[in-house]
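*Asks:* Quick one: the structure is below, and I'll ask about it shortly.
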Amino acid sequence: MFHSDAGALKTSYGEEQAIFPVALDRWSVVALVAAGALVVPFVAGPYWLGSILLPCLILSLAAIGLNILTGYAGQLSLGSGAFMAVGAYAAVNLVIRLPWLPFPVSFVLAGMVAGAVGLAFGLLSLRIRGFYVAVATLAAQFFIEWICTHIPWLVLNTPSGVVSTPTLFLFGFGFSSVPSRYLVAFVTVVALAVVAKNLIRSSAGRALMAVRDHETAAELTGVDTTRAKLTAFAVSGFYCGVAGALWAFLYLGNVEIEAFSLHRSFQILFMVIIGGLGSILGSFLGAAFIVLLPVAIANAASLFGEALKPDVLANLELMIFGALIVAFLIIEPNGLARLAVKAKDRLRRWPLPY
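Numbering-wise (our numbering), the sequence shown opens with residue 34 and increments by one.
Now the structure itself:
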């Protein structure tokens with residue numbers, strides 16, 4: 034059979050606990066990562082690298098952060114955009130005010146600042162549950178937006194409130210070209226995705242899923258639910274914060290609060306829903322779907338020439354987007370990741386019909 038784990042003998046605990054126990058899965062991921070790092074930057078044009086792949090990667094990282102909190106820990110959040118904003122503003126202050134600090138360190142520190150803010154708002158989840166947690170994170174969205182627009186120090190005292198990001202340098206090499214910025218995002222996202230995958234497979238990840246399935250039962254079986262929920266908020270804030278720093282420095286070229294509004298929070302939430310709750314792969318699939326759908330609709334509308342006006346096209350895009358979300362919730366609530374799992378199961382049985 035084309036895709037099967039039959040005959041894959043495991044002789045150690047390391048092999049038993051491998052992320053990809055099937056050889057085809059393992060080598061497919063290795064080939065995909067190698068192609069993304071060594072082939073795509075030299076083959077794809079500036080439009081695909083800078084306008085399609087780069088936002089896909091960065092938004093995938095933010096979706097992974099929200100998936101850890103919502104998909105694995107069961108804590109609904111509407112403040113992902115705010116945590117991205119914290120990371121972006123922290124990163125621009127660290128890079129400009131501390132130019133001697135390597136930018137990877139600045140980005141990690143910015144993520145830690147966002148994680149600390151997420152942890153602070155996560156304290157509210159210790160007393161409330163369900164819908165009220167979403168309301169608390171929504172309040173965080175508005176509160177952080179207000180802070181970023183009313184404290185001049187955060188925007189380096191610029192009158193417009195928009196801070197242009199400088200070119201990133203590491204060991205004397207500047208990351209100003211589109212391929213170099215893509216590579217920075219690619220390496221960062223792949224590394225943090227591997228960390229997230231291993232986190233979910235650890236005892237801390239199992240505690241998150243226990244809280245998601247039934248918090249009271251998890252507490253009765255010895256799970257430290259307080260630590261699990263706070264860990265989920267902190268890790269989610271860290272991932273969103275790093276994504277916000279990448280979004281500001283590598284994609285936008287500036288830091289402005291409008292890029293991290295409530296619309297961004299809903300966009301990331303839709304990525305998780307469409308891609309699949311509780312799935313690292315679903316975070317990537319959902320981000321690709323959200324980024325590519327408007328491009329596909331615009332290209333399809335160009336076939337009609339000027340028959341579709343821009344305002345009609347914009348409303349049509351929203352209608353199609355909403356209809357697809359409803360369709361996913363009805364037909365496949367587990368999202369695109371579940372469809373990928375079903376396709377892999379079919380390959381395991383192919384060419385047999387059973």
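Heads up, the beta-carbon is just placed ideally off N, CA and C, and yes, glycines get one too.
Under 6 Å Cβ to Cβ from L171, same chain only, skipping five residues before and after it: list those, please.
*Replies:* Taking the sequence shown and counting its residues from 1, the one referred to as residue 171 is at position 138. Closer than 6 Å at Cβ, skipping near neighbours: L111.
*Asks:* Under a Cβ-count criterion, where at least 16 other Cβ atoms within 10 Å of its own Cβ denotes burial, should K342 be classed as buried or exposed?
*Replies:* Walking along the sequence shown from the start, residue 342 turns up at place 309. By the 10 Å Cβ count, K342 comes out exposed.
*Asks:* Any idea what DSSP makes of F202, helix, strand or coil?
*Replies:* In the sequence shown, the residue the question calls residue 202 occupies position 169. In the structure shown, F202 sits in a strand (DSSP, three-state: E or B).
*Asks:* Could you spell out the range, first to last residue, of the alpha helix (DSSP H) harbouring G315?
*Replies:* Numbered from 1 along the sequence shown, position 282 holds the residue referred to as residue 315. Looking at the DSSP string, the run of the alpha helix (DSSP H) that includes G315 is 313–335.
*Asks:* Assuming K262 and S158 are in contact, meaning their beta carbons sit under 8 Å apart, how far apart are those beta carbons, in whole angstroms?
*Replies:* Here residue 262 refers to the residue found at position 229 when the sequence shown is read from its first residue. Here residue 158 refers to the residue found at position 125 when the sequence shown is read from its first residue. The pair is a contact, with the Cβ atoms about 5 Å apart (cut-off 8 Å).
*Asks:* By Cβ distance, which residues of its chain are closer than 7 Å to E350, with the 5 residues on each side in sequence left out?
*Replies:* Position 317 of the sequence shown, counted from the first residue, corresponds to residue 350. Closer than 7 Å at Cβ, skipping near neighbours: P327, I330.
*Asks:* So what's G309 in DSSP terms, helix, strand or just coil?
*Replies:* As a first step, residue 309 must be located in the sequence shown, where it is residue number 276. G309 falls in the coil class under three-state DSSP.
*Asks:* V288 bridges to which residues according to DSSP?
*Replies:* If you number the sequence shown from 1, residue 288 lands on position 255. V196, per the DSSP bridge assignment.
*Asks:* Can you check DSSP and say which residues form a bridge with G208?
*Replies:* Taking the sequence shown and counting its residues from 1, one reaches residue 208 at position 175. Sequence check: residue 208 is Phe here, not Gly. Looking at the DSSP assignment, F208 forms a beta bridge with L201.
*Asks:* Decide if the segment 128–136 is in contact with the segment 197–205; the criterion is three or more beta carbon pairs, one per stretch, under 8 Å apart.
*Replies:* Because the criterion of three Cβ pairs below 8 Å is met, the segment 128–136 and the segment 197–205 touch.
*Asks:* Can you check which of these residues, V217, V324, R371, E289, is closest to I180 by C-alpha distance?
*Replies:* Taking the first residue of the sequence shown as position 1, residue 180 is located at position 147. Nearest C-alpha to I180: E289.
*Asks:* Any idea if R214 is buried or exposed, counting beta-carbon neighbours within 10 angstroms, 16 or more meaning buried?
*Replies:* Start at 1 with the first residue of the sequence shown, and residue 214 comes out as number 181. Classification for R214: buried.
*Asks:* Under the three-state reduction of DSSP, which class applies to A51: helix, strand or coil?
*Replies:* Start at 1 with the first residue of the sequence shown, and residue 51 comes out as number 18. The answer is coil: DSSP assigns A51 none of H, G, I, E or B.
*Asks:* Quick one: give me the first and last residue of the alpha helix (DSSP H) that N126 is part of.
*Replies:* By 1-based counting over the sequence shown, the position of residue 126 is 93. Per DSSP, N126 belongs to the alpha helix (DSSP H) from 113–130.
*Asks:* Okay, do the segment 72–89 and the segment 299–310 touch, 3+ Cβ pairs below 8 Å being the bar?
*Replies:* Flag = no, the segment 72–89 and the segment 299–310 do not touch.
*Asks:* Can you grab the Cα-Cα spacing for the pair S210 / V62, in whole Å?
*Replies:* By one-based count along the sequence shown, residue 210 stands at place 177. By one-based count along the sequence shown, residue 62 stands at place 29. Cα to Cα, S210 sits roughly 27 Å from V62.
*Asks:* What's the gap between the Cα of S193 and the Cα of R381?
*Replies:* Counting from 1 along the sequence shown, the entry for residue 193 is found at position 160. Counting from 1 along the sequence shown, the entry for residue 381 is found at position 348. Roughly 58 Å separates the two Cα atoms.
*Asks:* Taking the alpha carbon of L283 as the point to measure from, which residue in A68, I91, L65, R59 has its own alpha carbon closest?
*Replies:* For the purposes of this step, residue 283 is taken as the residue at position 250 of the sequence shown. Residue I91 is the option with its Cα nearest to L283.
*Asks:* Among G319, N287, L314, whose alpha-carbon lies nearest the alpha-carbon of Q300?
*Replies:* Residue 300 sits at position 267 when you count from the first residue of the sequence shown. Nearest option by C-alpha distance: G319.
*Asks:* Mapping the DSSP letters down to three states, classify L357 as helix, strand or coil.
*Replies:* For the purposes of this step, residue 357 is identified with residue 324 of the sequence shown, where counting begins at 1. L357: helix per DSSP, three-state reduction.
*Asks:* According to DSSP, simplified to helix, strand and coil, what is P88?
*Replies:* Position 55 of the sequence shown, counting from 1, holds the residue named residue 88. Helix, per DSSP.
*Asks:* Excluding sequence positions up to five away, which residues of its chain have a Cβ less than 7 Å from the Cβ of L369?
*Replies:* For the purposes of this step, residue 369 is identified with residue 336 of the sequence shown, where counting begins at 1. The residues are I307, G308, G309, G315, L318, G319, F322.
*Asks:* By how many angstroms is the C-alpha of L152 removed from the C-alpha of T198?
*Replies:* Translated into the one-based positions of the sequence shown, residue 198 becomes position 165. Translated into the one-based positions of the sequence shown, residue 152 becomes position 119. Those two C-alpha atoms are separated by around 27 Å.
*Asks:* Take I177 and list the residues in its own chain whose beta-carbon comes closer than 7 Å to its own, dropping the five residues that flank it on each side.
*Replies:* Locating residue 177 in the sequence shown gives position 144, where the first residue counts as 1. Excluding positions up to five away in sequence, the list reads A115, A118, V119.
*Asks:* Would V256 and A240 be called neighbours here (beta carbons separated by less than 8 Å)?
*Replies:* The sequence position of residue 256 within the sequence shown is 223, counting from 1. The sequence position of residue 240 within the sequence shown is 207, counting from 1. Yes, Cβ-Cβ distance for V256 and A240 is below 8 Å.
*Asks:* Quick one: grab the DSSP three-state call for W107.
*Replies:* What you label residue 107 is simply residue 74 of the sequence shown in a count that begins at 1. The sequence shown places Gly at residue 107, not Trp. In the structure shown, G107 sits in coil (DSSP, three-state: anything other than H, G, I, E or B).
*Asks:* Skipping 5 residues on each side, what residues in its chain have a beta carbon closer than 8 Å to that of L109?
*Replies:* Your numbering for residue 109 matches position 76 in the sequence shown. Counting only Cβ-Cβ distances below 8 Å, and skipping sequence neighbours, we find T103, G163, F164, V166, A167, T170.
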